[in-house]
Each structure stands twice: as structure tokens, then as C-alpha cells.
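Count along the first sequence starting at 1, add 74, and that's the number in the numbering used here. Built from N, CA and C at the ideal position, the CB exists for glycine as well. As C-alpha cells, the structure follows; a few thoughts come after it.
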Amino acid sequence: MKKYIPSDIEPKWQKKWEEDRLYEVDLSDAVRRQYILIEFSYPSGDLHMGHWFAFAVPDILARFRRMQGYNVFFPNGFDAFGLPAENAAIKKGIHPRDWTLSNIEKMKQQFKTMGASFNWENEVITCLPEYYKWNQWIFLKMLGKGIAYRGKALANWCPNCQTVLANENVEAGKCWRCGTEVIQKQVEQWFLKLTEYADRLLWKDNPIVDWPKAVREGQNNWIGKSEGMILDFDGVEVFTTRPETTDGATFLVLAPEHSMIGKFTIAENKNDVDSYIKQVKNKTELERKEGREKTGVFTGSFVKNPVSNKEIPVWVADYILMGYGTGAIMAVPYADERDKEFAEKFDLPIIKTSFKAKPQGKQKVNYHIHDWSISRQRYWGTPIPVIYCDTDGMVSVPEKDLPVELPYEVDYAPKGKPPLATAEDWVEVSCPKCGKSAKREVETMDTFVDSSWYFFRYLDPKNSQQIFKKEVVEKWLPLDIYFGGAEHTLGHTLYSRFFTKFFHDLGLISFEEYARKRVNRGLILGPDGQKMSKSRGNVVNPDEQVKSYGADAVRLYLAFIGPYAGTVAPWDNSGLNGVYHFLQRVWGLADKIGSNLQGNDLEARRMMHKTIKRVTEDIEANKFNTAVAGMMEWLNYLSRKDQISQDEYRTLLFLLAPFAPHITEELWEKISQKYSIHQASWPVFDEKSLEEEELPLIVQVNGKVRDVIMIQKDIISNKEVIEKKGKGSVKVAKYLEGTSVKKIVYIEGKVLNFIV
RNA sequence: GCUGAUGUGGUGGAAUGGCAUACACGUUCGCCUUAAGAGCGAAUGCCCAAAAGGCAUGUGGGUUCGACUCCCACCAUCAGCACCA
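Structure below.
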């Protein structure tokens with residue numbers, strides 16, 4: 075047989091599978107369904123190794139389930155709104171829409187070289203009006219229920235991007251996109267009321283869905299529920315989780331943004347207080363986080379401690395945050411580390427608390443999580459469907475007028491005002507209520523809105539009447555498995571849970587969790603063990619690897635490198651060469667096919683069924699690495715034989731098909747003249763064939779292994795005979811000599827242990 | 001500081017109460033080859049010339065006939081959060 079040259083066979087089969095629509099799914103049939111999903115990608119225009127790891131390995135599971143007879147839905151799409159498109163446009167003068175759509179085309183071509191079995195016919199691209207129309211529809215529903223609202227809050231503001239940033243987008247005090255230092259600024263913006271759902275988003279101890287503990291705990295910490303009390307100190311409300319320590323409260327601290335500072339500040343302290351507040355305002359997020367040294371200023375006033383009845387001083391300090399609780403605390407330096415540090419620095423009294431105080435107050439639950447600010451002063455996003463009218467105020471765009479399409483011609487250079495404001499013809503609109511001239515909202519939505527519900531839309535992407543058909547969604551969701559990156563623990567996966575619960579409350583769906591199982595994948599590093607990055611020059615280009623070794627080898631290597639969840643391993647080119655070698659040996663093994671498997675060749679039969687069992691169970695547990703190892707072991711066994719059977723070779727191809735779809739299709743055609751191996755049935759192992767008539771038994775003396783003896787299966791339960799056999803072993807006898815056996819432990823079929 | 005995860009050969013890793021180091025890479029030796037590469041075969045945890053034997057799964061303890069695996073304490077690394085009252 076001619077040599078295995080991947081580039082000769084891979085494009086050929088990819089084209090044929092596409093023409094034959096081999097993986098097309100019938101969504102009306104959900105009896106045995108599997109909805110397998112990977113977080114969709116941002117269309118950066120280049121498919122890197124991270125994408126291969128993210129998409130090619132779960133494709134193994136999708137193909138495996140299909141061969142098992144499941145109706146598999148495995149869609150893909152693009153998270154296509156967002157800043158990079160706009161930045162590229164500013165830099166290169168290409169329109170964000172053109173840049174994005176051409177990148178999508180390019181990436182889809184690259185995706186095809188992977189040989190993955192995606193349902194592209196259900197593709198979702200979030201920057202197209204047929205998708206974002208429904209973002210706007212959801213927004214209006216939220217507005218109607220009071221879940222979306224206009225509010226003012228201190229926000230992370232990037233002076234360079236001229237936009238509000240979510241906490242998740244601030245990295246070490248800097249903007250995640252441009253690296254500029256983020257400052258705090260009071261801004262009016264659109265919010266989604268995450269806090270209303272905080273309690274329901276908290277994970278219980280034994281959740282009904284299988285999500286990693288790291289994700290559940292991470293989300294719970296982020297939500298940060300704490301139960302306490304609101305106490306009144308002469309009109310100042312404070313929040314405390316330790317009301318029993320109120321007798322030890324020796325001063326009061328207000329956040330620098332607190333509204334009652336003016337009331338408490340006496341004339342001679344006014345200058346000091348004002349200059350302190352000014353100084354705090356000018357601090358960047360980074361300075362506030364790094365400068366842990368306590369600072370503060372005395373207002374000059376006192377309030378009465380309701381428990382001790384003592385007059386205590388009122389201070390202003392930036393270690394108290396306006397965004398949490400009431401923005402004011404009673405300081406108990408005896409019980410609280412931070413208060414103690416402050417008291418020591420400013421020489422304030424520290425008195426012992428009895429921990430028995432019972433102040434008057436009302437119970438209060440506080441959350442660390444804030445409402446979600448979705449306003450973005452940028453162009454490339456979903457327009458918020460709201461109109462401002464001088465007469466009627468803020469008016470929703472009527473549902474029939476959706477989508478509010480993003481205008482093509484705008485000046486999207488950052489100028490301190492939102493780019494959409496420059497599209498004057500678009501901004502000018504007549505009020506839906508009174509018909510007089512009015513103006514459109516010029517802010518766009520955070521792209522995390524787009525990705526919060528895209529897996530619903532995959533099921534009905536072309537529906538122009540409804541967000542989705544309820545019947546289809548009820549049949550196919552929740553997802554059977556959702557693969558993604560650990561970086562989405564606090565952002566995307568939490569927001570999606572929020573949207574799912576909102577959809578539930580709207581009556582659109584009956585379930586409240588959207589994924590039965592979540593798997594956080596690991597990370598492939600550069601060959602130097604560092605994160606792959608262009609600036610480090612350690613990026614491994616998958617296209618080049620595919621050219622030299624083929625997509626099948628790259629897929630197999632990524633599956634083999636370690637357990638899929640959590641492994642962080644460097645790319646190793648000789649490791650890739652190793653699996654390429656394995657594929658070559660599979661190719662060459664076809665020359666050894668002889669007669670059919672002999673009925674009396676029990677060992678060969680056992681090896682085959684053992685491998686089927688192992689590969690099946692390992693794929694089901696997402697242990698792709700050990701599934702590959704199992705096939706390698708079997709290949710080593712088969713290679714030692716002069717001749718192998720049709721049955722063995724076919725089984726090997728079936729097991730390998732999900733991992734290496736091209737080479738197996740080619741070999742399957744060669745040996746059987748059939749097509750396609752990917753529509754064949756997954757082999758089923760036969761328990762009977764796994765049975766052995768002789769079993770190895772470990773013989774120990776004082777718990778140390780001294781010999782392994784073969785035991786006939788029919789005497790396995792006969793302790794006396796086994797003991798005799800064990801004593802009969804020369805190696806064991808050596809250790810029993812001159813000793814007396816105190817006890818004999820026999821665990822049937824596993825171990826025999828002499829205690830001397 | 002809090003939360004979570006992880007710790008096994010030169011490397012990626014396997015084994016989740018019963019032969020530690022499967023599988024693969026790398027390395028060494030041999031065969032083949034004009035040569036290189038590829039291919040094929042053998043060896044490869046550590047100590048010991050070898051055998052015999054002993055020692056080894058971050059450290060220390062415990063449970064057990066038996067512990068990489070379960071329990072307790074500690075150390076280290078990684079990730080996320082962090083002046084949250």
C-alpha cells in the first residue's frame with residue numbers, strides 16, 4: 075500500500091463530507107439527543123492552537139455520540155461584536171462590519187481544515203440584525219419588568235477607550251484592551267438588575283447540574299452574600315454582620331462619597347475634609363488597590379453609640395466603599411483588623427467588646443455583586459432600543475420597529491462622545507408616542523449580552539417572528555455538555571445563568587439551568603512553557619502543523635497531551651511526531667489483515683473487547699488521553715502478530731474514527747469499499763469475552779508484594795486451596811521460613827496477604 | 001487574607017484502597033543505510049559492577065492486612081477574588 079500522506083486525503087474527505095451534509099441534524103427528533111456546545115469564538119481572523127484545542131477535542135465526543143446512535147447537535151458561530159473590530163477599523167481604516175465578516179469567512183475556512191463535524195447550517199453571528207434584534211427584544215422585556223433600568227453609579231472608566239468597563243474587564247487596574255489606567259467616575263448608564271437574581275444564582279451544596287466546584291464556589295464568592303443588620307447612629311445608617319460587637323464601636327467611618335459628610339463636617343475641618351475627598355477622587359483604581367496604607371480625616375463631629383451611649387467621632391476614609399452596604403460603618407477596632415489598623419494610626423480608642431450587645435435595627439442581606447452595567451459608549455455593538463423625547467421622556471422602541479439597525483456610516487474614532495451620536499440622520503427620529511422629533515439612545519450593549527443566550531438561538535437561528543420556538547428549546551436544552559475556558563467563570567457563564575432564569579420567569583422556558591454539565595478546558599502553552607503570545611514569539615501555528623503532519627495527527631496529539639479538563643501543558647513537537655508515527659503504523663497495519671478472527675483465539679478477542687470497553691468509557695468521562703493510550707496498547711499488541719483479522723482492524727478503525735476522522739475514512743473505504751465510517755455503529759464490547767480463565771493473584775508477606783501467581787478461575791473462592799498455592803510459591807516461601815503465620819488475609823481474586 | 005485546584009521518572013502523564021511509574025516523548029545501545037533522516041529491535045525511577053536486596057508518589061503523622069489513593073497538620077505551586085464591614 076502506498077504511503078500515508080495526510081495532505082492527499084484530508085481535503086478530499088472534508089469536501090465530500092460537506093457536500094453530503096454528513097452531520098446534518100434533524101431537530102424535530104430529540105428522543106436520543108445530545109446538545110454538545112463549545113463557547114463560540116471572537117472572529118479575530120486567525121484560528122490559533124487554542125481554537126484547535128477548544129474545538130477539535132470536543133469534536134471527538136460529538137462524533138463518538140453520533141456513532142453511538144445519538145442525534146447530535148453541535149453548532150458553531152461567532153461572537154462578532156466588540157472592541158477589536160472597532161480598534162482595527164480606527165487603525166486600518168476598514169469598516170468594523172467588513173473587517174468582522176471577512177474574518178468570519180477566513181476563520182470558517184480554517185475551521186474546515188480541522189475536520190470537525192459542526193452544524194454550520196445553524197450558525198449564529200451576533201453582529202447581524204437578525205440576531206441582535208432579539209438582544210433588543212430581551213432588553214425591552216427586561217425594561218418592562220424593571221430588570222433593566224437607567225441609573226447612576228461609580229464606574230470603571232477607561233479614558234483612552236472613552237468607555238465604561240465591567241470589573242471583569244479591569245486587569246490589575248488597567249483596561250484589558252488597551253492597558254490604560256482605569257479611573258473611577260460617576261456615570262449615568264444602563265443596568266441589568268443582577269442583584270434581584272443574586273439569591274437564585276447562588277449554588278446550593280448539591281446542585282442538580284454537574285458543574286465544577288471551582289466554578290460554583292467562584293460564583294458564590296463573587297455574589298458574596300452576607301447577612302447582617304442595619305443600625306442607626308444619630309441618623310447615619312451602618313451595615314454590620316456583627317451587631318453583637320456594637321458596644322465596642324469607638325468611631326464611625328463614612329466613605330468619601332457619602333452624602334452626609336457635609337452635614338457632619340465642622341467649619342474648621344472643612345478644608346481638610348474637602349482636600350481629602352479631592353485627593354481620593356484623583357486616585358486611579360490601581361492606586362486605591364495598591365495603597366493599602368490607611369488614610370482618613372476627622373469631620374469634627376460625634377454621634378452617639380446606641381449601646382454604650384458614648385459619643386464617638388465621625389471620620390471619613392477610603393477603606394470604606396460607597397458601593398457596599400450603606401457606605402458607612404461602625405468601627406470596632408477590638409474585633410476587626412482593618413478598624414484596628416485605622417485606630418492605631420489615628421490614635422483612636424480600642425475597647426473590649428462583650429460580644430453580647432443587642433442593638434435595635436433591621437435585618438439586612440447584602441451582596442458583593444452589583445447590578446450589571448451594560449452601557450458601552452462604542453459603535454460596534456447592539457443599539458439600545460430607546461428614544462428620548464422632550465415631551466414623553468424616555469420611550470421604548472415599539473416591538474414592531476425592531477431591530478433598531480446599527481447605521482453603517484458613523485465616525486467611530488474616540489472623541490469623548492459615543493460614535494453613534496455622529497450619525498445624525500439616524501439619531502433623529504420621531505417619538506413613537508407623540509410623533510414629535512426625538513433622539514435615539516446612542517449607547518450600545520456590552521457584548522456579554524450577546525453571548526448570554528446564543529445557545530438558545532442556535533436551535534432556531536432563522537426565526538424572524540420569535541426569539542425561538544418553545545417546543546424545540548424545551549426538547550433540546552439544557553445543554554448536555556458545555557465546554558469552555560476557566561476565564562468565563564465569573565462573566566459569561568454567570569450571565570447566561572441569569573438570562574436563563576429571566577427567560578424562565580417570562581414563561582419562555584420551564585428550566586432554570588442551561589447546562590447539565592460544564593467542563594473547563596486546560597491550556598496549551600508555547601514550547602517554552604510560557605503562554606503563547608505573538609510578542610514572546612512562541613506561537614505554534616496550527617496551519618503549519620497541519621501541513622506537515624495532518625489534521626488527524628494534530629487532533630490526536632491535543633487529545634493525548636493530558637486530561638482535557640485543566641491540563642496546562644507545553645506544546646511539544648516531538649510529541650506530535652509520536653502520534654503521527656502511531657497513525658503511520660495504523661496505516662501500515664492494513665497489510666497484515668488476514669483471515670477472520672479464530673473463535674479459539676481467546677486472548678485476541680479479550681484484547682479487542684478490553685480496548686473497546688476502555689475507549690468507550692474514557693471518552694464518556696472526557697478522558698481522551700487514556701482512550702488514545704488504550705488504542706496504542708492494542709496496536710502494540712496487534713503489531714507483534716504476523717496476521718490480524720478483518721474484525722480487529724475494522725474495530726480499530728471505528729474506535730479511532732472520532733479522533734482521526736480522515737485517515738479512518740480513507741482506510742475504511744480501502745478495506746470495505748463502504749462510506750462513511752462516521753455513520754457506522756460504535757462497537758459494543760462483550761462482557762463474556764473479557765473473562766479470563768486464569769487470573770493473576772498478588773501474594774504478599776506483611777503487605778509487601780513477593781509474588782504474582784496465576785489462579786484458575788474455578789478455585790477463586792476456595793480460600794484453603796489459594797492459601798496452599800500461595801505458600802507453594804518459592805519466592806513467598808523464602809519469606810515464610812522460620813516464622814509463624816499469624817493471620818491470612820484473602821480478598822477474592824485480588825490479593826493474598828500472609829501476616830507473620 | 002479568603003476560595004478553589006494541583007504536587008508521581010529527565011518531560012507530558014497513568015493508576016482513586018490491592019504488582020506505582022501504563023501510554024508517549026526524550027536519552028543510550030544495536031540493526032539497516034554510501035551518508036543523513038526515517039524505520040526496526042533492546043534498555044531506561046533511584047542506590048548497587050551485577051545479582052540479591054533496599055529506597056521512592058511534596059513533608060510529617062494517622063486509619064488499614066495493605067495507602068499515590070482515605071483522614072489530620074504543614075509546605076510549595078498555579079488560578080480566581082480581595083480594605084465587602
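Query raised in the report: Can you list the alpha helix (DSSP H) stretches of 4 or more residues lying completely in the segment 576 to 604, in chain order?
Result: None, since the segment 576 to 604 contains no complete alpha helix (DSSP H) of that length.
Report task. Output the boundary residues of the beta strand (DSSP E) element that contains S470. Result -> Locating residue 470 in the first sequence gives position 396, counting from the first residue. Where S470 is concerned, the enclosing beta strand (DSSP E) stretches over 467 to 470.
Report task. Check whether the Cβ atoms of R224 and K549 lie closer than 9 Å to each other. Result -> Against the first sequence, residue 224 aligns to sequence position 150. Against the first sequence, residue 549 aligns to sequence position 475. Against a cut-off of 9 Å, the Cβ pair of K549 and R224 comes out as no contact.
Requested in this report: Please list the segments of the beta strand (DSSP E) lying wholly inside the segment 682 to 741, counting only runs of 3 or more residues, in order along the chain.
Outcome: none
Requested in this report: Please determine, among S755, D346, L111, the residue with the shortest C-alpha to C-alpha distance to L551.
Outcome: Counted from its first residue, the first sequence places residue 551 at position 477. Of S755, D346, L111, the residue nearest in Cα terms is L111.
Query raised in the report: Do the segment 152 to 161 and the segment 197 to 207 touch if we need at least three Cβ pairs shorter than 8 Å?
Result: Because the criterion of three Cβ pairs below 8 Å is met, the segment 152 to 161 and the segment 197 to 207 touch.
Requested in this report: Could you tell me which uninterrupted beta strand (DSSP E) segments, each at least 3 residues in length, are contained entirely in the segment 482 to 514, listed from first to last along the chain?
Outcome: 502 to 504, 511 to 514
**Report entry** Candidates V628, V689, F127: closest to A734 by CA position
**Finding:** Mapped onto the first sequence, residue 734 falls at position 660. A734 has its Cα closest to that of V628, out of V628, V689, F127.
Query raised in the report: In chain order, what residues of the same chain lie with their CB nearer than 6 Å to the CB of W446, ignoring the 5 residues before and after it?
Result: If you number the first sequence from 1, residue 446 lands on position 372. Hits under 6 Å: L266, L268.
**Report entry** Span of the beta strand (DSSP E), counted from its first residue to its last, around P117
**Finding:** Stepping through the first sequence from its first residue, residue 117 is reached at position 43. Segment: none, P117 is in no beta strand (DSSP E) and carries neither H nor E.
Query - Cα-Cα separation between D534 and T496, rounded to whole angstroms - result: Sequence index remark: in the first sequence, residue 534 carries index 460 (1-based). Sequence index remark: in the first sequence, residue 496 carries index 422 (1-based). C-alpha separation (whole angstroms): 35 Å.
Query - Closest Cα partner of G509 within the set S607, Y462, P330, E677 - result: Locating residue 509 in the first sequence gives position 435, counting from the first residue. By alpha-carbon distance to G509, the top candidate from S607, Y462, P330, E677 is Y462.
**Report entry** Beta-carbon spacing of K591, W285 below 9 Å
**Finding:** For the purposes of this step, residue 591 is identified with residue 517 of the first sequence, where counting begins at 1. For the purposes of this step, residue 285 is identified with residue 211 of the first sequence, where counting begins at 1. Taking 9 Å as the Cβ cut-off, K591 and W285 qualify as a contacting pair.
Report task. Please say whether L476 and L214 have beta carbons closer to each other than 9 Å? Result -> Translated into positions along the first sequence, residue 214 becomes position 140. Translated into positions along the first sequence, residue 476 becomes position 402. Contact flag set, yes.
Query raised in the report: Mind checking whether P80 and H566 have CB atoms under 9 Å apart?
Result: On the first sequence, residue 80 is found 6 positions in, with the first residue counted as 1. On the first sequence, residue 566 is found 492 positions in, with the first residue counted as 1. Their beta carbons are not under 9 Å apart, which means P80 does not touch H566 by this criterion.
**Report entry** Test item: CB-CB of K357 and Q258 under 9 Å
**Finding:** Numbered from 1 along the first sequence, position 283 holds the residue referred to as residue 357. Numbered from 1 along the first sequence, position 184 holds the residue referred to as residue 258. Yes. Within cutoff.
Query - Backbone CA spacing between E707 and L202 [nearest angstrom] - result: Stepping through the first sequence from its first residue, residue 707 is reached at position 633. Stepping through the first sequence from its first residue, residue 202 is reached at position 128. When rounded, the distance between both Cα atoms is 49 Å.
Query raised in the report: Quick one: complete beta strand (DSSP E) runs, 3+ long, within the segment 523 to 554?
Result: With a minimum length of 3 residues, no continuous beta strand (DSSP E) run stays inside the segment 523 to 554.
**Report entry** Status (buried if at least 16 other CB within 10 Å, exposed otherwise) for F429
**Finding:** Indexing the first sequence from 1 puts residue 429 at position 355. Its Cβ having fewer than 16 others within 10 Å, F429 is exposed.
Query raised in the report: Out of curiosity, what's the CA-to-CA distance linking E291 and P433?
Result: Here the question's residue 291 lines up with position 217 in the first sequence. Here the question's residue 433 lines up with position 359 in the first sequence. Whole-angstrom Cα-Cα distance: 33 Å.
Query raised in the report: What number of angstroms, rounded off, separates the C-alpha of S333 from the C-alpha of N440?
Result: Looking up residue 333 in the first sequence gives position 259. Looking up residue 440 in the first sequence gives position 366. If I take the Cα positions, the gap works out to 20 Å.
**Report entry** Secondary structure of V283, DSSP reduced to three states
**Finding:** By one-based count along the first sequence, residue 283 stands at place 209. The answer is coil: DSSP assigns V283 none of H, G, I, E or B.
Report task. Can you give me the start and stop residues for the alpha helix (DSSP H) that K621 sits inside? Result -> Locating residue 621 in the first sequence gives position 547, counting from the first residue. Taken as a continuous stretch (DSSP letters only), the alpha helix (DSSP H) holding K621 covers 616 to 623.
**Report entry** Test item: CB-CB of V388 and F338 under 9 Å
**Finding:** As a working note, residue 388 is residue 314 in the first sequence. As a working note, residue 338 is residue 264 in the first sequence. Yes, they are a contact pair.
Query raised in the report: Does DSSP put I790 in a helix, in a strand, or in coil?
Result: Residue numbering aside, residue 790 sits at position 716 when the first sequence is read from its first letter. In this structure, I790 counts as coil in the three-state DSSP scheme.
Query - CA-to-CA distance, E204 to K484, given in whole angstroms - result: Counting from one through the first sequence, the residue named residue 484 turns up at place 410. Counting from one through the first sequence, the residue named residue 204 turns up at place 130. Correcting the residue identity first, residue 484 is Val in this sequence and not Lys. Between the alpha carbons of V484 and E204 lies a gap of roughly 21 Å.
Query - As assigned by DSSP and simplified to three states, the class of M784 - result: Position 710 of the first sequence, counted from the first residue, corresponds to residue 784. Strand.
Query raised in the report: Can you tell me where the beta strand (DSSP E) with P644 in it begins and where it stops?
Result: Within the first sequence, residue 644 is the residue found at index 570, counting from 1. Note, P644: beta strand (DSSP E), 642 to 644.
Query raised in the report: Beta carbon of W604, beta carbon of R610: below 9 Å?
Result: For the purposes of this step, residue 604 is taken as the residue at position 530 of the first sequence. For the purposes of this step, residue 610 is taken as the residue at position 536 of the first sequence. The residue you asked about is not Trp; residue 604 is Gln in the sequence shown. The answer is yes: Cβ separation under 9 Å.
Query raised in the report: Can you give the Cα-Cα distance for F759 and H683, rounded to whole angstroms?
Result: Position 685 of the first sequence, counting from 1, holds the residue named residue 759. Position 609 of the first sequence, counting from 1, holds the residue named residue 683. Cα-Cα distance, rounded: 5 Å.
Query - Rounded C-alpha distance that separates F148 from L727 - result: Position 74 of the first sequence, counted from the start, is the residue given in the question as residue 148. Position 653 of the first sequence, counted from the start, is the residue given in the question as residue 727. Using only the alpha carbons, I get a separation of about 23 Å.
Requested in this report: If I'm right that I686 touches T641 with Cβ under 8 Å, what's the distance once you round it to whole angstroms?
Outcome: Position 612 of the first sequence holds residue 686. Position 567 of the first sequence holds residue 641. In fact, because the Cβ distance is near 25 Å, the residues do not count as touching under 8 Å.
**Report entry** Proximity of P330 and D392 at Cβ, strictly below 9 Å
**Finding:** Translated into the one-based positions of the first sequence, residue 330 becomes position 256. Translated into the one-based positions of the first sequence, residue 392 becomes position 318. Yes, they are a contact pair.
Query - For Q747, three-class secondary structure by DSSP - result: On the first sequence, residue 747 is found 673 positions in, with the first residue counted as 1. In the structure shown, Q747 adopts coil according to DSSP, grouped into three states.
Query raised in the report: Quick one: what's got a C-beta closer than 6 Å to G596's C-beta in the same chain, skipping five residues either side?
Result: Looking up residue 596 in the first sequence gives position 522. So the qualifying residues of the chain are G640, T641, V642.
Query raised in the report: Taking the beta strand (DSSP E) that R107 falls in, what are its first and last residues?
Result: Mapped onto the first sequence, residue 107 falls at position 33. For R107, the uninterrupted beta strand (DSSP E) segment begins and ends at 107 to 112.
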